[in-house]
Structures are given as C-alpha cells and as structure tokens.
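Participant: The structure is given below, and queries will be raised subsequently.
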Amino acid sequence: MILARSPFPILDLELEVELFDPLALPPFAGGLLRGAFGAALRRLACMTGFRTCAGCPLIATCPHRALFEPPARDLAAVGLPRAHDGLPPPFILRVPAEDPGPDGRLVFGMRLVGSAIDRLAYVIEAWRRVFRRGLGPERVRGRLVGVRDARTGAPLWDGDTMTWPEVVHPPLPSGEGRFVLVSRTPIRLGRQGGPLRSAPKPRAFVAAIVRRARLLALHAGPQEREEVRSWPVADWLSAAERVDDRPGLVWRDWWRFSSRQKRSMNLGGLVGRWEWEGVPPAVHALLAMGELLHVGKDASFGLGAYEIRRLGA
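Note that the numbering used here has the sequence shown beginning at 7, numbered continuously upward.
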C-alpha cells in the first residue's frame, strides 16, 4: 500500500502582520510564537476565569484545551497499543527564518490538522490579540492584516471578513530512488527517555513519522481514524529497513526559557543532511507525510521540519 494523500485534512495558513516597531526575533522563533499564541487563546476561550484548567467544568468543550493541550485519548482507535500522556496539538508552526524586513512585515505559517480547522475563527482571533497586546520582551505591537490559504493563495481573512476554506487532504508524492533530507529546524527524536543525539536508522525514522500521524488522526473523524488503524505498518517498516543511508546530521543545542514552567529548557535537536538510497515509493510517501507534519518532539513549535530533495535526477 502506498499513501496517495494525507489521512486527514490539513489547512496551511500564511499570516501577515504589520509591526509598529522593529522586532528582533530569537534564533528560533517557534517558542516565542507558540507561547504567545497559547496565552492569547486561553484569555480568549476561558469563560470561568479559573487560574488553572484542572477541575474546570467546561474543559470538555474548551477551544484552548482542544487546540493547545489536548487530553489523552484511546489509542487503540488508531492502532497504537499503549497509553500516552496526551496528544500532540493539532497545529504546526512554520516559523520565519529572518527578522522582519524594513517594511515591518512579519510573515509566518501555521498548519491546522483535522478538527482544528473547525476552530479557525478562534485561531485568527488569538493571533490578532497576540499582536494587539505585543510580542516578545519588548511587547512589540502590530496589526494582523491578513490570513491566506498558503496552498492556493486565497484570502481567508482580510481584517474584517472571514472566508471558509476548502478542506483538502494534501497529496503525497511517491517517487523512488535517491533522496536527501535537509533539516530546516532541529529534529528531536527520543530514545529511552532522552533525546537521540545521532541519526536513527531509516526504519526508526519512518516509525516516528507513522506514530505521529496516527496520534494526529485522533483529531480527525472516525473514517480517518479507521483508515490509519488499518495501515500496513509492518510492511512499511520492513521496506524502510532495506534503505541505504548516509547520515550527516549533528546535534545542535537550542535553549528556550519557558514562561509557563519558569525555567530554561534545552530543545536542541539534529540538523544537517541525510542521504537515503534505494527508497521505495511507499517509504517516499511517508517521508512526504513527515515533511507536512514534521517529526519528533515539539513539532508544534515548528521543530522537526525537513525538506526532501531528489538526488541524481
């Protein structure tokens, strides 16, 4: 079986902000943007004013809980055998690589997965409030001027009117041969409770992509969950074992201060190039899915992003 499309709908947003003052982004802006978004979303969604979400009688229907801190679910519905502390958030940030230019425009992306698309209005309003309140230690304020569908360029919000997007399952290419994976942000894979500081085997990398996709499918509908539960994962992993690879990934530290946890955290990961040879179509489709969803821990920050390029074409 070769996946021809994403197992669940994905909406790829491009957000444009007009900043009122210069903004110097940290070396990796994903933590800053994600933290500001989560705080703004909680202020927007919270109807009780409780200091913590624990014990809230409205938590089952809370948009902040669903988007930012989704609870644990029954993993058997997607073919996973063991319990999990929680689900990955149903969004992935695509962070800017550079500071805003002299025109004061900040452009960044956000992918919404499954049921998160239904909460698009909350997402847009939360981002609007982020920049109205101010971003970063300097509280640089700005105005969200537009939100577009990054796939088509169609406007979804123009500062006044929201247009509901077309919901699609993005197609997945399935070539074969030689490819190189080029990291765009640090890739954080775990092993025995700690981070993996060297490239895993292709089988383990593909397994991480499949597990992440299965967890994200719990944010989708019953048809999507049934689809991923029936995947021939053993066949895919067996095919990945036959791939020859030449890893060129190295570990890079990235320290971030968590305002919520009041401590510094090392969210470093693997960066560089990783050549794969003898890639079958089914494995290439899975790599393409990982390109969409990112791979590893803290993908909602924008970590775990990579690009697939063909070699010897």
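By construction, the Cβ of each residue, glycine as well, lies at the ideal position given by its N, Cα and C atoms.
1) Could you name each continuous beta strand (DSSP E) segment of 3 residues or more that falls completely within the segment 107-188, going from the start of the chain to the end?
2) Between which two residues does the alpha helix (DSSP H) carrying residue 75 extend?
3) With a cut-off of 8 Å on the beta carbons, I'd call residue 222 and residue 299 a contact; round off their distance for me.
4) Would the segment 11-22 count as touching the segment 174-186 if we require 3 or more Cβ pairs under 8 Å?
5) Can you tell me which of 190, 317, 301 puts its alpha carbon nearest to the alpha carbon of residue 94?
6) Using the three-state DSSP reduction, which class does residue 21 fall into: helix, strand or coil?
7) Count the other C-beta atoms from every protein chain shown that fall within 10 angstroms of the C-beta of residue 303, then say buried if there are 16 or more, exposed otherwise.
8) For residue 92 and chain B, any beta-carbon pair shorter than 7 Å?
9) Would you report the Cα separation of residue 170 and residue 114, rounded to the nearest angstrom?
10) Leaving aside the five residues before and after residue 102 along the sequence, list all residues of the same chain whose C-beta is less than 8 Å from its C-beta, in chain order.
11) Are the CB atoms of residue 185 and residue 282 nearer to each other than 7 Å?
12) Indicate whether residue 206 and residue 260 have their beta-carbon atoms separated by less than 7 Å.
13) Among 129, 203, 119, 37, which residue has its Cα nearest to the Cα of residue 2?
14) Note down, in chain order, each residue of its chain lying with its Cβ closer than 6 Å to the Cβ of residue 128, except the 5 sequence neighbours on either side.
15) Quick check on the DSSP output: the alpha helix (DSSP H) that includes residue 228 runs from which residue to which?
16) Considering only C-alpha positions, which residue in the set 64, 37, 80, 208 is nearest to residue 228?
17) Would you check if the distance between the CB atom of residue 151 and the CB atom of residue 20 is smaller than 7 Å?
18) When the Cα of residue 104 is compared with those of 33, 241, 213, which residue comes out closest?
19) Cα separation between residue 290 and residue 123?
20) I'd like to confirm the pairing. Which residues does DSSP put opposite residue 250 in its beta bridges?
21) Give the single residue among 292, 166, 42, 143 whose Cα lies nearest to the Cα of residue 212.
22) Tell me, to the nearest whole angstrom, how far the beta carbon of residue 307 is from that of residue 118; I am working on the premise that it is less than 8 Å.
23) Can you give me the start and stop residues for the alpha helix (DSSP H) that residue 220 sits inside?
24) What did DSSP end up calling residue 69 once you bin it into helix, strand or coil?
25) Report the option in 235, 183, 273, 130 whose CA atom is closest to the CA atom of residue 164.
26) Please work out which residues of its chain come closer than 6 Å, Cβ to Cβ, to residue 239, disregarding the five sequence neighbours upstream and downstream, and give them in chain order.
Facilitator: Quick look at the numbers:
1) 111-119, 148-155, 161-163
2) No alpha helix (DSSP H) contains residue 75, which DSSP labels as neither H nor E.
3) 6 Å
4) A contact exists between the segment 11-22 and the segment 174-186.
5) Residue 94 has its Cα closest to that of 301, out of 190, 317, 301.
6) strand
7) buried
8) As a matter of chain content, chain B is missing from the structure shown, which is built from one protein chain.
9) Straight across, the Cα-Cα distance linking residue 170 with residue 114 is about 20 Å.
10) 31, 35, 112, 113, 114
11) yes
12) no
13) Because the chain spans 7 through 319 in this model, residue 2 falls outside it and cannot be assessed.
14) 69
15) 228-235
16) 80
17) no
18) 33
19) 27 Å
20) 283
21) 292
22) Wrong, their Cβ atoms sit about 15 Å apart, outside the cutoff.
23) First-last of the alpha helix (DSSP H) with residue 220: 208-223.
24) Residue state, collapsed to three classes: helix.
25) 130
26) 216
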